[in-house]
């Protein structure tokens with residue numbers, strides 16, 4: 001079976017780091033590029049964090065710089081969850097600070113052309129770079145196979161009671177992407193909140209005899225008190241379970257619905273409005289994750305970390 005060509009757009013971020021560990025260990029994915037974007041922390045950190053993580057894994061994948069802030073308004077970040085530089089208190093060395101000569105927009109366009117309609121985008125942060133690419137190259141909507149997004153949710157938020165962070169951080173960009181006509185797979189908080197690693201899982205990962213797993217355990221340990229502060233026992237693996245959709249979508253229950261992104265109402269800005277009851281004229285435009293086999297996901301992630 002030929003590998004699935006993907007570009008991962010991300011904002012590392014602790015769960016982004018785990019998502020990259022999972023993606024880079026998979027023999028099903030052909031990672032054509034990684035495009036860091038400002039999100040959990042500013043671009044100066046998400047970009048160098050991406051390089052550090054690739055160096056740790058010994059992977060040679062081009063890193064093309066994405067957007068450093070939203071289309072409209074002020075940048076939203078999440079240092080309180082991910083630490084000042086995005087990787088908790090973990091310090092990873094960086095020997096070669098070399099980014100791809102072309103930016104993320106040009107890289108996405110070039111790879112979409114090269115992949116002849118088969119390129120998948122995995123979006124683990126705000127949708128800014130993807131929206132900018134679609135604005136610059138409208139023909140991209142016919143060149144990209146699908147976009148799998150960690151974002152939004154069905155009647156749930158985490159920044160506000162309505163909005164999830166990645167969508168809230170650039171609601172205007174998310175609206176452009178969701179309305180692009182490209183096939184969208186939305187892996188939202190209604191599923192990702194339940195994809196948790198408990199303290200026992202993290203201890204187990206720490207026993208795996210490789211440096212990637214040791215770093216993963218250290219990153220996850222940083223998150224446990226953060227999530228306890230949210231009243232939750234384990235750390236939610238929002239981004240890794242989104243990558244898991246590309247590796248094995250059979251572990252997900254998906255439903256196709258009309259989804260709109262709220263940009264006008266300030267109180268509800270960034271809400272992904274999932275129209276579960278079909279109204280007249282509504283077009284089901286998004287494959288929405290409704291449930292998943294969380295034990296299968298956890299096994300997939302552990303096996304990936306064990307294999308380094």
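In full-length UniProt numbering, the protein residues as written are 1 to 308.
We treat Cβ as the ideally placed atom computed from N, Cα and C, and that holds for glycine.
Note that the structure is predicted; figures quoted are calculated from it, not measured.
| Which partner residues of residue 119 appear in the DSSP bridge assignment? | The count along the chain shown starts at 1 and reaches residue 119 at position 119. Answer is 144.
Give the single residue among 148, 177, 144 and 158 whose Cα lies nearest to the Cα of residue 129.
Numbered from 1 along the chain shown, position 129 holds the residue referred to as residue 129. Ranking 148, 177, 144 and 158 by Cα distance to residue 129 puts 177 first.
Notebook entry, point to check: residue 283: buried (16+ other C-beta within 10 angstroms of its C-beta) or exposed?
Noted result: Residue mapping note: residue 283 aligns to position 283 of the chain shown, counting from 1. Residue 283 should be labelled exposed.
Count the other CB atoms, across all protein chains shown, that sit within 10 Å of the CB of residue 230; report buried if there are 16 or more and exposed otherwise. In the chain shown, counting from the first residue as 1, residue 230 sits at position 230. Classification for residue 230: exposed.
Since residue 28 and residue 3 are thought to touch, with beta carbons under 8 Å apart, how far apart are those beta carbons, to the nearest angstrom?
As a first step, residue 28 is located in the chain shown; it is residue number 28 there, counting from the start. As a first step, residue 3 is located in the chain shown; it is residue number 3 there, counting from the start. The Cβ separation is near 6 Å, so the contact holds.
### Query
Are the beta-carbon atoms belonging to residue 182 and residue 236 less than 8 Å from one another?
As a position in the chain shown, residue 182 is number 182, starting the count at 1. As a position in the chain shown, residue 236 is number 236, starting the count at 1. Against a cut-off of 8 Å, the Cβ pair of residue 236 and residue 182 comes out as no contact.
Taking the DSSP output, what are the residues bridged to residue 14?
Position 14 of the chain shown holds residue 14. Beta-bridge pairing by DSSP links residue 14 to no other residue.
Mark residue 138 as exposed unless 16 or more other C-beta atoms lie within 10 angstroms of its C-beta, in which case mark it buried.
Taking the first residue of the chain shown as 1, we reach residue 138 at position 138. Classification for residue 138: exposed.
- Going by CA-CA distance only, name the one from 131, 96, 173 and 220 that's closest to residue 106. Within the chain shown, residue 106 is the residue found at index 106, counting from 1. Selected option, being the one with the closest Cα: 131.
Open item on the list: Does residue 235 come out as helix, strand or coil in the three-state DSSP assignment?
Closed with: Position 235 of the chain shown holds residue 235. Strand, per DSSP.
Handout entry: residue 182, DSSP secondary structure in three states
Key = On the chain shown, residue 182 is found 182 positions in, with the first residue counted as 1. It is coil, neither helix nor strand.
### Query
When we look at the beta-carbon of residue 47 and count the other beta-carbons within 10 Å, is it buried (16 or more) or exposed?
Translated into the one-based positions of the chain shown, residue 47 becomes position 47. The residue in question, residue 47, is buried, as its Cβ has 16 or more Cβ neighbours within 10 Å.
- Compare the beta carbon distance of residue 153 and residue 190 with 8 Å and say whether it is the shorter of the two. Along the chain shown, one-based indexing puts residue 153 at 153. Along the chain shown, one-based indexing puts residue 190 at 190. Yes; because the gap between Cβ atoms is below 8 Å, this pair is in contact.
Hey, how far is the Cα of residue 246 from the Cα of residue 267?
One-based indexing of the chain shown puts residue 246 at position 246. One-based indexing of the chain shown puts residue 267 at position 267. Rounded to whole angstroms, residue 246 and residue 267 show a C-alpha spacing of 33 Å.
Which stretch, first to last residue, makes up the beta strand (DSSP E) that contains residue 29? Walking along the chain shown from the start, residue 29 turns up at place 29. Here the beta strand (DSSP E) through residue 29 covers 29-36.
Does the region 218-229 come into contact with the region 72-91, if we say contact requires no fewer than three beta-carbon pairs (one atom in each stretch) closer than 8 Å? Flag = yes, the region 218-229 and the region 72-91 touch.
* Would you grab the beta carbon distance between residue 12 and residue 50 for me? Rounded to a whole angstrom, and I think it's under 8 Å. => Your numbering for residue 12 matches position 12 in the chain shown. Your numbering for residue 50 matches position 50 in the chain shown. Yes, they are in contact, since the Cβ atoms of residue 12 and residue 50 sit about 6 Å apart, within 8 Å.
Original post:
How many Å lie between residue 79 and residue 210 at the Cα?
Top reply: For this step, residue 79 is matched to residue 79 along the chain shown. For this step, residue 210 is matched to residue 210 along the chain shown. About 28 Å.
For this session: For residue 168, collect the residues of the same chain with a Cβ closer than 8 Å to its Cβ; drop the 5 residues on either side in sequence, then sort them by chain order.
Result: Taking the chain shown and counting its residues from 1, the one referred to as residue 168 is at position 168. So the qualifying residues of the chain are 76, 157, 159, 160, 269 and 270.
Rounded separation between residue 291 and residue 256 - CA only: Within the chain shown, residue 291 is the residue found at index 291, counting from 1. Within the chain shown, residue 256 is the residue found at index 256, counting from 1. For residue 291 and residue 256, the distance between alpha carbons rounds to 13 Å.
* Asked: Who does residue 100 pair with in a DSSP beta bridge?
  -> If you number the chain shown from 1, residue 100 lands on position 100. As computed with DSSP, residue 100 is found in no beta bridge at all.
Task: Option in 94, 192, 162 and 109 with minimal Cα separation from residue 143 - done: For the purposes of this step, residue 143 is taken as residue 143 along the chain shown, with counting starting at 1. With distances taken between Cα atoms, residue 143 lies closest to 109.
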